[in-house]
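I have placed the structure first, in the form of structure tokens, so that the comments after it can refer back to it.
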Amino acid sequence: MTVRKYSSRAQQTTLSAALTSVAASMVVVNGPAVMGTKQPSVSETYVVVIDPDTSLEEIVEVHTYTGSGNTLQINRAIDGSTAQAHSAGAVVRHMVIGRDLQEANDHIENTTTAHGITLANIVKTTDTGTVTSTMITNNTIVDGDINSAAGISDTKLSTISTALKVANSATTATSANTALAIVARDASGNFTAGTITAALIGPSTSTTGNAATATALATPRAFSLTGDVTATGVNFDGTAAVALTTAYNPGSIVDADVNASAAIAYSKLNLGSSITSADIVDGTIVNADVNASAAIAYSKLNLNGNITSADIVDGTIVNTDINSSAAIALSKLATDPLARANHTGTQLASTVSNFDTQVRTSRLDQMAAPTAAVPLNAQKITGLADPTNAQDAVTLNYITTQKGAVSGIASLDGSGLIPTAQLPALAITNTSVVATQAAMLALTAEVGDIAVRTDLNKSFILTATPSTTLANWQELLTPTDLVLSVDGNTGAVSLSGTYLNRTTGQLLGNLDANNFKITGLNAPTSNADAATKVYVDAVAGSATAAAASAAAAAASYDDFDDRYLGPKATPPTVDNDGNPLVSGALYWNTVLNEMYAWTGSAWGSISSTAAIYRYKFIATGGETSVSGTDALSQTLAYLPGKEQVYLNGILLVRTTDYTATNGTSITALAALAVNDILEIITFTAFSLATAIENTIIDAKGDLIVGTAADTVGRLAVGTNGHFLKANSATATGLEWAAVDTSSIEIMSIMGAY
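Anchor point for the sequence shown: position 689 equals 706 in my numbering, and the numbering is continuous, going up by one each time.
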């Protein structure tokens, strides 16, 4: 098999020449470095990657390398990569690839080859060849190490007796008790002589005992159930599970087998054609067991021949129980019902001997007026005259003539309603709330219906049909009467405090909602509008997201606060939280009016005339703009376009989250919450403190020179052939001067000699 080599000392190199997609070798800048001292032969490989981590990445195998030189023989497009053309300078790197990791994992998971087996006491240095006796320590292989299917031939066992071999052959022992010599291993692992009976050896069918392993019984055994529960016999030979289908044997279940709570239906009981007295225990049927509809005949009741008072419950016989032909004698009644003192029935006056005959001839108007209601027993009073006074009884004729008459009584139509002709001209029947004029005209309305317009805060009544005509709707005017009370208050009522001002529509103070909600809000469109829950959930996110955002904002602000420390009179030694200074931290020196930066070990001045100002405002709640003096007693001033606005450490977007145009205020903010921190960072126009303006140069050849301490000037270009020489008398300390050629000529003459 192919052997792959790896190196921990390999170094990255590059292609020294372009590589085509079909080339079989490549030339690199440093072959020994990328090979890491490895020298693969033809049967060995070494993986490198060309243009790693790019779209041109290709995995190749170096299959031949002598250990020196820069030419590598390669196999292309390895492990799923594609042969590519690469330009000179492409990176070449030795790497571990996915194939290596996959094969390592396969090696770990494989348990069926030499790579995956762990053999105790065996030392192998290669994965080829065979295991010999020299590799195995004596007595280390035990019975459990040998697979039951190994099939080791008895010829391989040098210590087994001839007698055992014979018994293992087709020869059958002549006696079940014939002893055969066999070897056995004692507790120390040594073989000793032993015996085994012929009955336990060989193919004899009389062999008994337990087999160590088996796949089936030589002779299947039948399973069956008899008795109260039966099952059809099933043969079992050990190759599959046995399933028995059971059934109760008829008559096997007796009364004792049935639980008291079994609730066995009567139809399941074999009680013959009917229940007899023999089936019922004396005294077990009580009155509650007899159904009300049983209709048991009196003849079936053993009441000793006659019903006596002992058989009748007091008060159970009522009038309907006595037959009209019973002819009960008055003597049988404890009280004479015909006695006058007890008379409550109907009796003709002619039968009463001492009845006042005047009662029968006297008129009602001759009798005293009743002092209580006089019931008429569902009878009519006839012959009445029509009423004339308020307390007179009303006759049917009077009611009939008054129905529907002027100043009379309203009648009802066939639907039980008062006819519209008898109703006043105006009758309000329905009130509808609508949001637009179109919705009002679309109502199915009748004269007198009212429409409440929420868009106008006005109400209209329909004076004529159809309701689709706007002119038929009359606006209801607001009464001009004086207000009797305001919110339960009478007299001179002050509308100060939290009352809503009628003219301006504004509250004159804070409004306590008293734990109630404001409902029916529309979505906000302006910064000062109240926000609905839907808007907050959609824009600001859930409470969890808001908390995460607040935490991120706090972290962002803390990071900013650690880097810009604000105005200080003396150089700080720690940041605003008391932590060590971070490199790049800034602060404004209020004494020198300069910005300083922390290098990591010291404060250094930032050499510029640009000024950075930081303003901090702490909200009290509801502000949509800031201006004037901040929390640090500084008056806000900035250059428009050169400001940065932070809310709780989050940088806001100019013109989107705020407006900054006048240099003195920040406006158009979303309403701030209590303790929100708004910070404005602004910069003045930037110019280097030691910058030399380019306007100082007027012409080619001009020089910039110092004219005094910390002062620069211009030295104009000189005449051709002149040289620059020092001259303290000039303003610049320099001047252009002509070259003295006389000394040059003398030197030339002297050189000629």
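Glycine residues also receive a C-beta, built at the ideal position from the N, C-alpha and C atoms.
Alpha-carbon to alpha-carbon, residue j and residue i
i	j	result
threonine 549	leucine 473	24 Å
threonine 118	arginine 26	Threonine is not the amino acid found at residue 118; the sequence shown has leucine there. About 20 Å.
leucine 89	aspartate 123	30 Å
serine 38	threonine 30	19 Å
leucine 458	alanine 530	38 Å
glycine 106	alanine 100	17 Å
lysine 349	alanine 314	28 Å
isoleucine 697	glycine 621	24 Å
asparagine 744	glycine 583	49 Å
alanine 733	alanine 725	17 Å
valine 64	aspartate 162	41 Å
aspartate 575	alanine 568	10 Å
isoleucine 766	alanine 754	Note that isoleucine 766 has pLDDT 44, beneath the 50 cutoff, so the model's placement of it is unreliable and no number is given.
histidine 103	valine 44	12 Å
alanine 34	glycine 84	20 Å
isoleucine 297	valine 303	12 Å
leucine 381	threonine 417	28 Å
leucine 689	glycine 680	21 Å
asparagine 665	glutamine 491	56 Å
leucine 242	asparagine 276	24 Å
valine 756	threonine 728	30 Å
threonine 485	leucine 460	8 Å
aspartate 403	asparagine 447	40 Å
glycine 425	leucine 401	20 Å
valine 391	isoleucine 324	47 Å
isoleucine 345	valine 330	20 Å
glutamate 75	threonine 54	22 Å
Residues bridged to residue i [DSSP beta-bridge criterion]
i	result
methionine 457	Its beta-bridge partners do not exist; DSSP assigns none.
glycine 621	Ala614
serine 42	Gln90
glutamate 632	According to the sequence shown, residue 632 is tyrosine rather than glutamate. According to DSSP, tyrosine 632 bridges with Ile697.
serine 771	Only positions 18 to 770 of the chain appear in this structure, which leaves residue 771 out of reach.
isoleucine 426	Lys420
phenylalanine 740	Ala754
threonine 81	Gln90
threonine 676	Thr684
isoleucine 667	Leu664
Enclosing beta strand (DSSP E) for residue i [first to last residue]
i	result
asparagine 252	246–253
glutamine 661	660–664
glutamate 74	Element bounds for glutamate 74: n/a, residue is neither H nor E.
phenylalanine 533	Note, phenylalanine 533: premise wrong, no beta strand (DSSP E); not H, not E.
lysine 397	Careful: lysine 397 lies outside any beta strand (DSSP E) and carries neither H nor E.
serine 449	448–451
threonine 62	61–67
glycine 12	In this structure the chain extends from 18 to 770, so residue 12 is not present and cannot be described.
glutamine 491	490–492
histidine 111	108–111
leucine 242	238–242
valine 20	20–22
tyrosine 265	263–265
Anticipated Cβ contact below 8 Å, residue i with residue j, distance rounded
i	j	result
valine 464	threonine 482	6 Å
glycine 730	valine 722	6 Å
threonine 262	threonine 232	That pair is no contact at about 26 Å.
leucine 686	glutamate 611	About 32 Å; that fails the 8 Å criterion.
aspartate 771	leucine 479	The requested residue 771 is not part of the displayed model; the chain covers only 18 to 770.
aspartate 578	asparagine 596	Between asparagine 596 and aspartate 578 the Cβ distance is about 11 Å, and since that is not below 8 Å, they are no contact.
Residue i - containing alpha helix (DSSP H), residue span
i	result
alanine 50	48–52
alanine 725	Premise fails: alanine 725 lies in the beta strand (DSSP E), 720–725, not in any alpha helix (DSSP H).
asparagine 414	413–419
glycine 583	Looking at the DSSP string, glycine 583 is not in any alpha helix (DSSP H); the run it does join, the beta strand (DSSP E), is 581–585.
asparagine 606	Segment 603–606 is the beta strand (DSSP E) holding asparagine 606; no alpha helix (DSSP H) there.
alanine 121	115–126
Proximity test, Cβ basis, 8 Å: residue i and chain D
i	result
alanine 452	The displayed structure is made up of one protein chain only, and chain D is not part of it.
Query raised in the report: Is there contact between the segment 712–719 and the segment 635–649, where contact requires at least three CB pairs shorter than 8 Å?
Result: no
Query raised in the report: Quick check: the segment 404–412 against the segment 431–441, are there 3 or more CB pairs under 8 Å?
Result: no
**Report entry** Cβ contact (3+ pairs, closer than 8 Å) linking the segment 259–269 and the segment 234–248
**Finding:** yes
Requested in this report: Could you say if the segment 651–660 and the segment 591–605 meet the contact criterion of at least three C-beta pairs nearer than 8 Å?
Outcome: no
**Report entry** Segment contact flag, the segment 64–74 with the segment 108–118, C-beta cutoff 8 Å, min 3 pairs
**Finding:** yes
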